Each structure stands twice: as structure tokens, then as C-alpha cells.
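Asker: Counting from 0, one number per residue, gives the positions in the sequence shown under numbering that gives the first Met the number 0. Glycine included, C-beta positions come from ideal geometry on N, C-alpha and C. Predicted model, so just to flag it, every value in this text is computed and none were measured. Structure incoming, see below.
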Amino acid sequence: MTAYAVAHLWSVNQNAEIVDYLHRIDATLAPFSGRFVVHGVLPEVVEGDWPGFLVVIGFPDVGAARAWYDSPAYQEILPLRTRNADGVTLIVDGVPEGYRAADYAAKLTAAAVADA
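Okay, here's the thing in C-alpha cells:
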């Protein structure tokens, strides 16, 4: 199941280190079949506040996403970003093909009945 590395970045200092990071990150993704899905955009905010930029990288599964993040190649360039941008980064599982929110609601209902 597809997994994603997601970063919400703010206060990005777009300097030579960030440019170096951008030049080098693609090579770190290739061995793990990672690809940018969303990169460095200011989203259209329709509810709430969202300061900063959004980055989403897709991977074949959580194992590949974690292996990329932990890889020596990515860890080598990671400080180029963390020294120059505040943010939060996370890895999340996607949902399977055909997923419906109602399926999750059924799990919540079943759990509530079991707890009663």
C-alpha cells in the first residue's frame, strides 16, 4: 500500500544549502522508488491556518519510506534542510484502493459497541 513522507515547512531560508539539498534529494529517492507528489507549494487554505509549504513524497509502502528516511544518503543531506527550515515531517500509510470513509466509521461503531 502506498505510503507518504509528508513535510510541513515554514520559515524556509532559501539559501545555497537548500539549493544543494534540492539538487541532491532526487538521487536519495530513486533506490526506494520515491517520487514527489507535491513539492514546495503554498496550498490554497480553505479552512483554518496553514503557514508555510507542503511537500509530499510517495513510496510503494511504509518500509520503503522509512528506509529512505533512514538511509545514509538522505541522512547526509538532511541537515541542509533542518538548519534552514522549521517544520514537521512524518510518514503515513495511504489507504487501499476502493477505501471508503464509511468503512472507518463501521470500525468506530464496532469499537463503541464492544466498549459498552
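Reducing DSSP to helix, strand and coil, say where GLY62 ends up.
Answerer: If DSSP states are grouped into helix, strand and coil, GLY62 belongs with the helices.
Asker: If ARG23 sits next to ILE56, beta carbons under 8 Å apart, how far is it from one beta carbon to the other, in whole angstroms?
Answerer: Wrong, their Cβ atoms sit about 14 Å apart, outside the cutoff.
Asker: Okay, do the region 43 to 55 and the region 7 to 22 touch, 3+ Cβ pairs below 8 Å being the bar?
Answerer: Output reads yes: the region 7 to 22 touches the region 43 to 55.
Asker: Going by C-alpha distance, which of TYR68, GLU43 and LEU89 is nearest LEU28?
Answerer: Answer by Cα proximity: TYR68.
Asker: Please report how far the alpha carbon of VAL37 lies from the alpha carbon of ALA115, in whole angstroms.
Answerer: Cα to Cα, VAL37 sits roughly 43 Å from ALA115.
Asker: Give the straight-line distance between the Cα atoms of GLU43 and ALA84, rounded to the nearest whole angstrom.
Answerer: One C-alpha to the other measures close to 21 Å.
Asker: What would DSSP say about ASP85, mapped onto helix, strand or coil?
Answerer: Correct three-state label for ASP85: strand.
Asker: Can you tell me whether PRO42 sits near the ligand NAD, meaning its C-beta is under 8 Å from at least one heavy atom of the ligand?
Answerer: As presented, the structure is devoid of all ligands, the ligand NAD included, so that no description of it is given.
Asker: Flag this pair as yes or no: are the beta carbons of ALA64 and GLY97 separated by less than 9 Å?
Answerer: Not closer than 9 Å, so no.
Asker: For PHE35 and ALA105, what's the separation of their Cα atoms in angstroms?
Answerer: For PHE35 and ALA105, the distance between alpha carbons rounds to 33 Å.
Asker: What would DSSP say about TRP9, mapped onto helix, strand or coil?
Answerer: In the structure shown, TRP9 sits in a strand (DSSP, three-state: E or B).
Asker: Distance check for ALA26 and ALA15, CA to CA, integer angstroms please.
Answerer: The straight-line gap from Cα to Cα measures roughly 18 Å.
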